[in-house]
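Just so we're aligned, residue 1 is where the sequence shown starts under full-length UniProt numbering, counting upward by one.
Worksheet: one structure, shown below.
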Amino acid sequence: MKATDQQQKIINYESGSLVIIANPGSGKTYVISEKIKLILPRIMEFKGVIAISYTNKASNELKQRCFKDGLDPKGSFFGTIDKFYLREIILPFGKMLFGIPYNDISVIKLKDIDEERQEECLWIADLAGGETLSKTQIKILKKLFLGGILVLETISLLALYVFDHSIACRHYLKARYTHIFIDEYQDCGLEQHQIFLQIKNLGLTAIAVGDANQSIFQFSGKSSEFLIDLGKRKTEFKLFPLDFNHRCHPSIVNYSLLLLNSEAELLQSKEICVFEKQVVGKEDQIASWLNTAIPSISKQFAVAEMHKIAILVKNGRTGSIINQNLSLAHKYFENTPLDEDFTMWSGIFRDLLNLCFDRTLSRTSFVESFIDTNANRKTAIAVLQLIKELEVGLNIKSPAVDELIKQFIAIAIALHPAGTNKRSIELLRDILATPIMLDVYRPAQSTEVQIMTLHKSKGLEFDAVFHLDLCEWILPQKAINSGKTEFPDLTQDVNLHYVGITRAKKCCVLIHSTKRTNFKMEIKPGNPSEFLQFDALADKRTISPH
1 MKATDQQQKI INYESGSLVI IANPGSGKTY VISEKIKLIL PRIMEFKGVI AISYTNKASN
61 ELKQRCFKDG LDPKGSFFGT IDKFYLREII LPFGKMLFGI PYNDISVIKL KDIDEERQEE
121 CLWIADLAGG ETLSKTQIKI LKKLFLGGIL VLETISLLAL YVFDHSIACR HYLKARYTHI
181 FIDEYQDCGL EQHQIFLQIK NLGLTAIAVG DANQSIFQFS GKSSEFLIDL GKRKTEFKLF
241 PLDFNHRCHP SIVNYSLLLL NSEAELLQSK EICVFEKQVV GKEDQIASWL NTAIPSISKQ
301 FAVAEMHKIA ILVKNGRTGS IINQNLSLAH KYFENTPLDE DFTMWSGIFR DLLNLCFDRT
361 LSRTSFVESF IDTNANRKTA IAVLQLIKEL EVGLNIKSPA VDELIKQFIA IAIALHPAGT
421 NKRSIELLRD ILATPIMLDV YRPAQSTEVQ IMTLHKSKGL EFDAVFHLDL CEWILPQKAI
481 NSGKTEFPDL TQDVNLHYVG ITRAKKCCVL IHSTKRTNFK MEIKPGNPSE FLQFDALADK
541 RTISPH
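Laid out in structure tokens, this is it:
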């Protein structure tokens, strides 16, 4: 791939920190990986870069692009922000501030804390972001830490506290890393924003990448305001646009732009590849229609493999109904309990499951993210052999769960011995003993259509997208408050719809139905979404012929 002039300017820029405002399909992962490839050969062996991605899947893709030609990652960190908080800040330096935990560290949600601790933790539910922890609150978090408990909702605050109060932590980050990259900055929380700026102030070059129009995680305290704030810091950051959409058909680009701005400047397009389909019935009738429409549309748009087709839904309720009623070969991606546990060993177990089922992922890069393979060559070779044996064991017809557990533990001990965690082992055991849950970690085969939520689709791309849940009350979410109709999260819902549309490269089908299933599983009348009533969009889509 040859960089465009716009991309090359960003890749070559070496005069300080920068903010990249990247539209969908503009090649941001390519640009980030090319910058990292330029940086790593020039720095000392023990140094590296911090590369934060929003999801493990996005992080894996970035690693693949960076290291596919054998580039040495040196001391780099690749992963999610929570993994960075835990591995690089809280676990090593929390012990210096609070003491050594006398139980294995577990990350649990506030709702899962045992009853005897619930009362003293009530204040956590009221955290809105930006708070300064009181001495009493720190005392509670210290007590939990020593007991082996990290509350998920406090991780970012705790990381910021440790960073601020540990000189050793700051010295370590400054000595170890030269650059920090954070992707999807529009979904950044306040504490993440503060840590990013403070790490920059240590002397690292800071690179933020995001698109304010793709901010879809406000429900979890994330906001595009922090990306906008960086853009205003003109003396600290150089602002670069990355706005040409190389991915989507021009008519899809035009539709997405008009959703955001009815006066947007449009691309020339001779044909329309955005379709609207009303299905008579409810979600199971949509599945029946998809059974015939998907083969027709894949043929019309020359989609060679079915895994390049996605069915995107607003929620798991719709996803489950489609999954149960779609007769075409398909893969439904849903979270398992292991995915929702944020301890180091659970993360290692998830990564190992993905590695063993997906041959495109690099085993070497995975091992290098935990140990220095130059200084510990024998250990690295031994771990790679263990992974190879684990892969064989996982891919036989009836794997022996107890034997597999031993193999997972042996690898986890070699990579992160301090992370020993009984809960992670039990969650892994449940996955291995439940074929349906284990299958979640297998990538879609080339013959399988992919079903996932709009949130999960973020950062992915498909030849054809079937965008469901475009019914009144569902997307955008609508509520009645004091007798008045309101849209509680309209900006977020517009952005979510925008993300769904811009996942499509060749064709996007917008689907609604005459009936819908609500959260109580009651059947209600279905009317078209308000998004399908925007005047500016009416002539930019056409009725599906299928």
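C-beta: ideal position from N, C-alpha, C; glycine also.
Inset, instruction - Have a look at GLU426 and LYS406 and give me their C-alpha separation to the nearest angstrom. - result: Walking along the sequence shown from the start, residue 426 turns up at place 426. Walking along the sequence shown from the start, residue 406 turns up at place 406. Their Cα atoms are separated by approximately 12 angstroms.
Legend entry - Cutoff 7 angstroms; reference GLY48; Cβ partners in own chain excluding five residues on either side: Start at 1 with the first residue of the sequence shown, and residue 48 comes out as number 48. The residues are PRO73, LYS74, GLY75, SER76, PHE77, ARG176, TYR177.
Inset, instruction - Specify, as a first and last residue, the run of the alpha helix (DSSP H) that CYS356 falls within. - result: In the sequence shown, counting from the first residue as 1, residue 356 sits at position 356. Residues 344 to 357.
Inset, instruction - With DSSP as the reference, please indicate the residues paired to TYR177 in a beta bridge. - result: Walking along the sequence shown from the start, residue 177 turns up at place 177. According to DSSP, TYR177 bridges with GLY48.
Legend entry - Pairwise C-alpha distance: SER251 and PHE219: Counting from 1 along the sequence shown, the entry for residue 219 is found at position 219. Counting from 1 along the sequence shown, the entry for residue 251 is found at position 251. Annotation note: pLDDT 43 at PHE219 (below 50); position unreliable, coordinate value reported separately. If you take the alpha carbons of PHE219 and SER251, they lie about 31 angstroms apart.
Inset, instruction - Using alpha carbons as the reference points, say which of LEU475, GLY500, HIS497 lies closest to residue 551. - result: Because the chain spans 1 through 546 in this model, residue 551 falls outside it and cannot be assessed.
Inset, instruction - In the DSSP assignment, find the beta strand (DSSP E) that holds PRO241 and state where it starts and stops. - result: Numbered from its first residue, the sequence shown carries residue 241 at position 241. Segment 237 to 242, the beta strand (DSSP E) holding PRO241.
Legend entry - Sub-8 angstroms separation of GLU334 and GLY347 beta-carbons: Here residue 334 corresponds to residue number 334 of the sequence shown, with the count starting at 1. Here residue 347 corresponds to residue number 347 of the sequence shown, with the count starting at 1. Against a cut-off of 8 angstroms, the Cβ pair of GLY347 and GLU334 comes out as no contact.
Inset, instruction - Let me know the beta strand (DSSP E) ranges lying completely inside the region 429 to 475, each 3 residues or longer, listed in chain order. - result: 449 to 453, 462 to 467
Inset, instruction - Using 10 angstroms around the beta-carbon of GLY70, count the other beta-carbons present and answer buried if the total reaches 16, otherwise exposed. - result: For the purposes of this step, residue 70 is taken as residue 70 along the sequence shown, with counting starting at 1. Its Cβ having fewer than 16 others within 10 Å, GLY70 is exposed.
Inset, instruction - Please report the Cβ distance between VAL209 and LYS28, rounded to the nearest whole angstrom; I am assuming they are in contact, meaning their Cβ atoms lie under 8 angstroms. - result: For the purposes of this step, residue 209 is taken as residue 209 along the sequence shown, with counting starting at 1. For the purposes of this step, residue 28 is taken as residue 28 along the sequence shown, with counting starting at 1. So it is a contact: roughly 5 angstroms between Cβ atoms.
Legend entry - Of the residues THR55, LEU38, GLN6, the one placed nearest ASP339, counting alpha carbons only: Along the sequence shown, one-based indexing puts residue 339 at 339. When each option's Cα is compared against that of ASP339, the closest is THR55.
Inset, instruction - Using beta-carbon positions only, say whether VAL401 and LEU384 come within less than 8 angstroms of one another. - result: Locating residue 401 in the sequence shown gives position 401, where the first residue counts as 1. Locating residue 384 in the sequence shown gives position 384, where the first residue counts as 1. Cβ distance not < 8 angstroms, so VAL401 and LEU384 don't count as in contact.
Inset, instruction - Report the residue from TYR30, LYS282, LEU496 whose alpha carbon sits nearest the alpha carbon of ILE523. - result: As a working note, residue 523 is residue 523 in the sequence shown. Selected option, being the one with the closest Cα: LYS282.
Inset, instruction - Below 6 angstroms CB to CB, which residues in the same chain sit around SER256 once its five sequence neighbours on both sides are set aside? - result: Taking the first residue of the sequence shown as position 1, residue 256 is located at position 256. Once the five neighbours on either side are set aside, the close Cβ partners of SER256 are TYR498, ILE501, THR502.
Legend entry - Reference ALA412; option with closest CA among ARG377, TYR441, ARG350: As a first step, residue 412 is located in the sequence shown; it is residue number 412 there, counting from the start. It is ARG350 whose Cα lies nearest to the Cα of ALA412.
Legend entry - Top-ranked residue by Cα proximity to ILE228, from GLY483, PHE46, HIS193: Sequence index remark: in the sequence shown, residue 228 carries index 228 (1-based). Selected option, being the one with the closest Cα: HIS193.
Inset, instruction - Take THR514 and list the residues in its own chain whose beta-carbon comes closer than 6 angstroms to its own, dropping the five residues that flank it on each side. - result: Here residue 514 is taken as the residue at index 514 of the sequence shown, counted from 1. So the qualifying residues of the chain are VAL280, GLY526.
Legend entry - Rounded separation between HIS284 and HIS330 - CA only: Position 284 of the sequence shown, counted from the start, is the residue given in the question as residue 284. Position 330 of the sequence shown, counted from the start, is the residue given in the question as residue 330. The residue asked about is misnamed: residue 284 is Asp in this sequence, not His. In a straight line, the C-alpha of ASP284 is about 15 angstroms away from that of HIS330.
Inset, instruction - Would you check whether the ligand ADP has a heavy atom nearer than 7 angstroms to the C-beta of ARG503? - result: Of the ligands one can find in the structure shown there are none, so the ligand ADP has no counterpart to examine.
Legend entry - Contacting residues, own chain, Cβ-Cβ under 6 angstroms from GLN533 (five flanking each side not counted): If you number the sequence shown from 1, residue 533 lands on position 533. Contacts found: none.
Legend entry - Same chain only: Cβ atoms within 8 angstroms of ASN291, ignoring 5 sequence neighbours per side: For the purposes of this step, residue 291 is identified with residue 291 of the sequence shown, where counting begins at 1. Hits under 8 angstroms: LEU326, SER327, LEU328.
Legend entry - Helix, strand or coil at LYS109 [DSSP, three-state]: Here the question's residue 109 lines up with position 109 in the sequence shown. Coil at LYS109, not helix or strand.
Inset, instruction - Starting from SER33, follow the beta strand (DSSP E) in both directions and report where the run begins and ends. - result: For this step, residue 33 is matched to residue 33 along the sequence shown. Premise fails: SER33 lies in the alpha helix (DSSP H), 28 to 39, not in any beta strand (DSSP E).
Inset, instruction - Within its chain, find whatever has a CB closer than 7 angstroms to the CB of ASP372; leave out the 5 residues flanking it on each side and keep chain order. - result: For the purposes of this step, residue 372 is taken as the residue at position 372 of the sequence shown. Around ASP372: no qualifying Cβ.
Inset, instruction - Take the Cβ of ILE436 as the centre, count every other Cβ of all protein chains shown within 10 Å, and call the residue buried at 16 or more, exposed below. - result: If you number the sequence shown from 1, residue 436 lands on position 436. Looking at its Cβ environment, which holds fewer than 16 other Cβ atoms inside 10 Å, ILE436 is exposed.
Inset, instruction - Assign ASN481 to one of three DSSP states: helix, strand, or coil. - result: Here residue 481 refers to the residue found at position 481 when the sequence shown is read from its first residue. Here ASN481 sits in strand by DSSP.
Inset, instruction - Check the C-beta distance from PHE275 over to ARG541 and give it rounded, since I have them as a contact under 8 angstroms. - result: Numbered from 1 along the sequence shown, position 275 holds the residue referred to as residue 275. Numbered from 1 along the sequence shown, position 541 holds the residue referred to as residue 541. Going by Cβ atoms, the distance from PHE275 to ARG541 rounds to 6 angstroms, so yes, they are a contact pair.
Inset, instruction - Answer with buried or exposed for TYR441, where buried requires no fewer than 16 other C-beta atoms within 10 angstroms of its C-beta. - result: By one-based count along the sequence shown, residue 441 stands at place 441. Label assigned to TYR441: buried.
Legend entry - ILE543 in three-state terms, based on DSSP: Translated into the one-based positions of the sequence shown, residue 543 becomes position 543. Here ILE543 sits in strand by DSSP.
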